[in-house]
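Trainee:
Residue numbers (the working numbering), protein chains in the order written: chain A, 1399 to 1760; chain B, 1399 to 1760.
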């Protein structure tokens, strides 16, 4: 807090690197664009916390409109959101084990924190935890719609689990989750749309079968930044779990050019040698699952190697001490590495936002 | 602290996953093996903090013997080591910019914290910071011995920088650093040894040239876990900056089978589907630069996909709730993701050690 006070209003030059920098205008433009895309439609956005792990960004997303609540990838993220005042969370993943199910139940004392399930054992322990805590936990059955990760098959398997959830005291069957993660990064928009429709068909069919069997389905949740415009238009889909649209990264920029890159990594050149420069961030400060970061404002420059604390940049005229801005290929894992983001506008530090969810906290 | 007290002595089953687990006997065996390898030789080990980022492990390394001090990859790590009582640190990297050079100088008030340099601009600002703080900063000129990252060329370029350091008030020319990072992972031991000798030749020649020119060289520092046995035997090399030997990982185990894997990631199975299981860690909890993690004790099992919060494992008979132990391919980036390590012996939690250096803290 005192560090924040001493930084606000200062020029960006005082930022010590490597540092995560947020462009607040780009963030607001992205939130507005997503909200407008859903205005007047029955489907809502449930923004994913995992892409930024910052409660302040989550509140901005809630304020932008067209919102169902927040999506989290794990229990610890949900705890941080609820502690920060978020009142409606879906943990879009399984929460397994005695301690974690107990903590999930406790969260439901002051908020609505739903969870995805795909096994009988997990349903049983969630019910036990809910009864112990004297709460009801809302549950979505996770359906595998082609990604081959978590989730049971659409159709009878899903109906069977839904029946068990409905029959389990302490749990409330709220609906289905299906994530078309295998489609979100398909470069060709038409091919992507086709794969989305193909994936979502069995999910919405299963919804209708559940309703026909007398099990009301409040929520069918799925989708992401790569598929929001097609998934969000399919009848029977209630929520799109888009995350990356808020801050964006180099990988998503290729499939979603309509959103602006709002998050960058500010670095300093620490060494200049024949033909290349070295900047002071590496794989411990920038997520490289989708390749090395790009150099902002310098299309002629290229990161050719990433070590733990160094990136090697060719094609850049630089001196030791120069600042270089990088665009991560993968923003989600980048935010996971930092404790704070500098909000910078017009060359000045406007604010410093904590990244409550960073690090592998169980 | 109170969390630690409540956990010590409890069975490992209470550990909430994903969690970093340390085998203290394997750690001690690794430290002893490295110390014995250097006993009676002029060369010392300067263990690298970057591989574990844990001050408690650093102190164990210091206590094991044959030690020159600790190596750090960045200023923030050096600050954590000094705050934790380490008195001799080399930052094996450039520390650039007004604030960072000021902080480095301040560290030298109560400890010896040397730094590598490879540019005139950086030497000038380090001298300025040292004079302002009224301290002397010990400096190693970094020499590029084939890795093509930081460092100037061996020979005249290095001599020229050494002369400038010597002439800069506030700085003390202490010697040279050269890291044969391009050789440390070469699978064939003989080829690796040959490349080490080739890389180190120009470095030790430059040392002799400096001494012939009247510039005493106290320290020539380089090497790593992959090359410690050859680099540590070369005349004119004073320190080996080995790091990974302490905790090890799957990648280094291939080139260094004599050290034991002391660090693992404990996970829980959260979903079991036809032909595979999903465990509750992903790229936000295990460093995958050198490939997916291996499954400990189950050579028949294989991690075939890593998402942000999931690994997909084939060939493993498992139920939801089962524990699965993973061996990271890359330990350095794995420790960077956790705030603590559970020390587990005989199925009981012996201690919980903070990982002070984790996260991208500038």
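We treat Cβ as the ideally placed atom computed from N, Cα and C, and that holds for glycine.
Would you mind telling me which residues of chain B sit closer than 8 Å to residue 1519 of chain A, beta carbon to beta carbon, in chain order?
Mentor: Within the first chain, numbered from 1, the residue matching residue 1519 of chain A stands at position 121. Those within 8 Å of residue 1519 of chain A in chain B are 1717, 1718 and 1719.
Trainee: Quick one: grab the DSSP three-state call for residue 1350 of chain A.
Mentor: The question about residue 1350 of chain A has no answer, for chain A in this structure spans 1399 to 1760.
Trainee: Please give me, in chain order, every unbroken run of the beta strand (DSSP E) with length at least 3 that falls completely inside the region 1665 to 1692 of chain A.
Mentor: Complete beta strand (DSSP E) runs here, min 3: 1674 to 1677.
Trainee: When DSSP builds the beta bridges, which residues end up paired with residue 1740 of chain A?
Mentor: Stepping through the first chain from its first residue, residue 1740 of chain A is reached at position 342. According to DSSP, which records beta bridges pairwise, residue 1740 of chain A is partnered with A:1419 and A:1750.
Trainee: Could you tell me which residues DSSP pairs with residue 1447 of chain A in its beta bridges?
Mentor: Here residue 1447 of chain A refers to the residue found at position 49 of the first chain. BP columns for residue 1447 of chain A are empty, so no partner.
Trainee: Does residue 1736 of chain B come within less than 7 Å of chain A when only Cβ atoms are used?
Mentor: As a working note, residue 1736 of chain B is residue 338 in the second chain. Yes, residue 1736 of chain B lies at the interface with chain A (some Cβ there is under 7 Å from its Cβ).
Trainee: Per the DSSP calculation, residue 1657 of chain A is bridged to which residue(s)?
Mentor: The residue you call residue 1657 of chain A lines up with position 259 of the first chain. DSSP output for residue 1657 of chain A lists no bridge partner at all.
Trainee: Closer than 9 Å, Cβ to Cβ, to anything on chain A: give me those residues from the region 1690 to 1704 of chain B, in chain order.
Mentor: Result list: 1703 and 1704.
Trainee: Does the Cβ of residue 1665 of chain A have 16 or more other Cβ atoms within 10 Å, making it buried, or fewer, making it exposed?
Mentor: Here residue 1665 of chain A refers to the residue found at position 267 when the first chain is read from its first residue. Buried, since its Cβ has 16 or more Cβ neighbours within 10 Å.
Trainee: Looking at the structure shown, is residue 1603 of chain A part of a helix, part of a strand, or coil, going by DSSP?
Mentor: If you number the first chain from 1, residue 1603 of chain A lands on position 205. Helix at residue 1603 of chain A.
Trainee: Along the beta strand (DSSP E) that carries residue 1723 of chain B, what are the first and last residues, could you check?
Mentor: Counted from its first residue, the second chain places residue 1723 of chain B at position 325. Here the beta strand (DSSP E) through residue 1723 of chain B covers 1721 to 1725.
Trainee: Please confirm if residue 1617 of chain B has its CB atom under 7 Å from at least one CB of chain A.
Mentor: Counting from one through the second chain, the residue named residue 1617 of chain B turns up at place 219. No, its Cβ sits nowhere closer than 7 Å to a Cβ of chain A.
Trainee: Should residue 1739 of chain B and residue 1418 of chain B be called a contact, given that it needs their Cβ atoms to be closer than 7 Å?
Mentor: Against the second chain, residue 1739 of chain B aligns to sequence position 341. Against the second chain, residue 1418 of chain B aligns to sequence position 20. Yes, the Cβ-Cβ distance between residue 1739 of chain B and residue 1418 of chain B is below 7 Å.
Trainee: Taking one C-beta from the region 1460 to 1472 of chain A and one from the region 1431 to 1446 of chain A each time, how about it: are there three or more such pairs within less than 8 Å?
Mentor: Yes, since at least three Cβ pairs between the region 1460 to 1472 of chain A and the region 1431 to 1446 of chain A fall closer than 8 Å, the two stretches touch.
Trainee: Could you spell out where the beta strand (DSSP E) holding residue 1471 of chain B opens and where it closes?
Mentor: Locating residue 1471 of chain B in the second chain gives position 73, counting from the first residue. Looking at the DSSP string, residue 1471 of chain B is not in any beta strand (DSSP E), and its letter there is neither H nor E.
Trainee: Mind listing, in chain order, the continuous beta strand (DSSP E) runs of no fewer than 3 residues lying wholly within the region 1475 to 1560 of chain B?
Mentor: Those beta strand (DSSP E) runs which fall completely within the region 1475 to 1560 of chain B and span 3+ residues are 1486 to 1489, 1510 to 1515 and 1535 to 1540.
Trainee: Could you tell me which whole beta strand (DSSP E) segments of length 3 or greater appear in the region 1586 to 1634 of chain A?
Mentor: You should have 1617 to 1620.
Trainee: Taking Cβ-Cβ distances shorter than 7 Å, what residues in chain A pair up with residue 1492 of chain B?
Mentor: Stepping through the second chain from its first residue, residue 1492 of chain B is reached at position 94. Ordered by position in chain A, the residues that pass the 7 Å Cβ test against residue 1492 of chain B are 1668 and 1669.
Trainee: What residues in the region 1562 to 1594 of chain A bring their beta carbon closer than 8 Å to a beta carbon of chain B?
Mentor: Residues 1579.
Trainee: Along the chain, where does the alpha helix (DSSP H) that runs through residue 1401 of chain B open and close?
Mentor: As a first step, residue 1401 of chain B must be located in the second chain, where it is residue number 3. 1400 to 1405 is the span of the alpha helix (DSSP H), which, as asked, contains residue 1401 of chain B.
Trainee: In terms of DSSP beta bridges, what is residue 1414 of chain B paired with?
Mentor: Locating residue 1414 of chain B in the second chain gives position 16, counting from the first residue. None, per the DSSP bridge assignment.
Trainee: Determine whether the Cβ of residue 1812 of chain B lies closer than 7 Å to any Cβ atom of chain A.
Mentor: Missing from the structure shown is residue 1812 of chain B; chain B here goes from 1399 to 1760 and no further.
Trainee: Using a Cβ-Cβ cutoff of less than 8 Å, which residues in the same chain neighbour residue 1483 of chain A once the five nearest sequence positions on both sides are dropped?
Mentor: As a working mapping, residue 1483 of chain A is identified with position 85 in the first chain. Around residue 1483 of chain A: 1453 and 1457.
Trainee: Over the uninterrupted beta strand (DSSP E) stretch that includes residue 1735 of chain B, give me the two end residues.
Mentor: Here residue 1735 of chain B corresponds to residue number 337 of the second chain, with the count starting at 1. Counting along the chain, residue 1735 of chain B falls outside any beta strand (DSSP E), and DSSP gives it neither H nor E.
Trainee: Interface residues of chain B around residue 1760 of chain A at Cβ under 8 Å?
Mentor: Position 362 of the first chain, counted from the first residue, corresponds to residue 1760 of chain A. Per Cβ cutoff of 8 Å: 1414, 1415, 1416 and 1417.
Trainee: Taking residue 1459 of chain B as part of the alpha helix (DSSP H), name the residues at either end of that continuous run.
Mentor: Along the second chain, read from residue 1 onward, the residue named residue 1459 of chain B stands at position 61. 1453 to 1462 is the extent of the alpha helix (DSSP H) around residue 1459 of chain B.
Trainee: To the nearest angstrom, report how far apart residue 1536 of chain A and residue 1444 of chain A are at their CA atoms.
Mentor: Stepping through the first chain from its first residue, residue 1536 of chain A is reached at position 138. Stepping through the first chain from its first residue, residue 1444 of chain A is reached at position 46. Whole-angstrom Cα-Cα distance: 16 Å.
Trainee: Excluding the 5 residues preceding and the 5 following residue 1576 of chain B in the sequence, name in chain order all residues of the same chain whose CB lies nearer than 6 Å to its CB.
Mentor: As a position in the second chain, residue 1576 of chain B is number 178, starting the count at 1. Counting only Cβ-Cβ distances below 6 Å, and skipping sequence neighbours, we find 1541, 1543, 1601 and 1620.
Trainee: Which residue wins for smallest C-alpha separation from residue 1481 of chain B, given the options B:1504, B:1421, B:1669 and B:1428?
Mentor: Residue numbering aside, residue 1481 of chain B sits at position 83 when the second chain is read from its first letter. Among B:1504, B:1421, B:1669 and B:1428, the Cα nearest to that of residue 1481 of chain B is on B:1504.
Trainee: Does any residue of chain B have a CB that is nearer than 7 Å to the CB of residue 1661 of chain A?
Mentor: Your numbering for residue 1661 of chain A matches position 263 in the first chain. Residue 1661 of chain A does not count as touching chain B.
Trainee: For residue 1591 of chain B, which residues in the same chain have their Cβ closer than 6 Å to its Cβ, ignoring the five residues on either side in sequence?
Mentor: Position 193 of the second chain, counted from the first residue, corresponds to residue 1591 of chain B. Correct list, in chain order: 1628.
Trainee: Could you name the residues of the same chain whose beta carbon sits closer than 8 Å to that of residue 1604 of chain B, not counting the 5 residues immediately before and after it, in chain order?
Mentor: The residue labelled residue 1604 of chain B in the question sits at position 206 within the second chain. Here the set comprises 1541, 1552, 1553, 1556, 1557 and 1574.
Trainee: Using CA coordinates, which residue listed in A:1670, A:1538 and A:1493 is at the minimum distance from residue 1721 of chain A?
Mentor: Residue mapping note: residue 1721 of chain A aligns to position 323 of the first chain, counting from 1. It is A:1670.
Trainee: Can you name the residues of chain A whose CB is closer than 7 Å to the CB of residue 1553 of chain B?
Mentor: Counted from its first residue, the second chain places residue 1553 of chain B at position 155. Going along chain A, no residue has its Cβ under 7 Å from residue 1553 of chain B, so there is no contact; the nearest lies around 15 Å.
Trainee: Taking 7 Å as the threshold (C-beta atoms), are residue 1625 of chain B and residue 1578 of chain B in contact?
Mentor: As a position in the second chain, residue 1578 of chain B is number 180, starting the count at 1. As a position in the second chain, residue 1625 of chain B is number 227, starting the count at 1. Yes, they are a contact pair.
Trainee: Give a yes or no on whether 7 Å exceeds the smallest Cβ distance from residue 1547 of chain A to chain B.
Mentor: Start at 1 with the first residue of the first chain, and residue 1547 of chain A comes out as number 149. So yes, residue 1547 of chain A belongs to the interface.
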